[in-house]
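The numbering of the sequence shown is UniProt numbering, which starts it at 1 and goes up by one.
One structure below.
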Amino acid sequence: MGNADYDSDRVLREYLLFHYGLADDILSKGHGPKEGLGFPVRTVSELLDSNALPSSSCRALDLGCAGGRSSFELARTSTDVVAVD
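See below:
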C-alpha cells in the first residue's frame, strides 16, 4: 500500500471505526473476528500494570498510535502521553 492509499478517506474511516466504533458498526453483517473488538483498549489494559506506576506522575509513549485510541487509554493513568504515528 503506497502513501496515497494510506492517506485516503476510506483508510481513515476504517482506522477510526476500528479505534472508536461500536461492535454493531464494526461487525455490521453480524459476523467477523469478535476477538478484535476493543483491541486498542484491551492492549493497554492487559499490558499496563497501573499499580506499578508512580503515584505522582508518569509519562507514556505510544509509538504507531494510528487513530490514537490507545493514547487516550494511556492518558487515564499517565500525566503525559506522547503519541507518534
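Using N, Cα and C, we set each Cβ at its ideal position, and we do this for glycine too.
1. Sorted by chain position, which residues of the same chain lie with C-beta nearer than 6 Å to residue 58's C-beta, five sequence neighbours on each side aside?
2. Just reading off the beta strand (DSSP E) that residue 60 is part of, what are its end residues?
3. Which residue from 71, 81 and 82 puts its Cα closest to that of residue 19?
4. Starting from the C-beta of residue 7, find all residues in its chain whose C-beta is less than 7 Å away, skip the five residues before and the five after it, and write them out in chain order.
5. Quick check: residue 81 and residue 52, are their CB atoms within less than 8 Å of each other?
6. Alpha carbons only, please: which of 34, 62 and 56 is nearest the one belonging to residue 47?
7. Going by DSSP, what residue range makes up the beta strand (DSSP E) through residue 23?
8. Report the option in 9, 76 and 31 whose CA atom is closest to the CA atom of residue 45.
9. For residue 135 and residue 30, I'd like the C-alpha separation in whole angstroms.
In brief:
1. 78
2. 59 to 63
3. 71
4. none
5. no
6. 62
7. From DSSP, residue 23 is part of no beta strand (DSSP E) but of the alpha helix (DSSP H) over 23 to 26.
8. Measuring C-alpha to C-alpha distances from residue 45 to each of 9, 76 and 31 identifies 76 as the nearest.
9. Past the edges of the chain, shown from 1 to 85, lies residue 135, and the structure says nothing about it.
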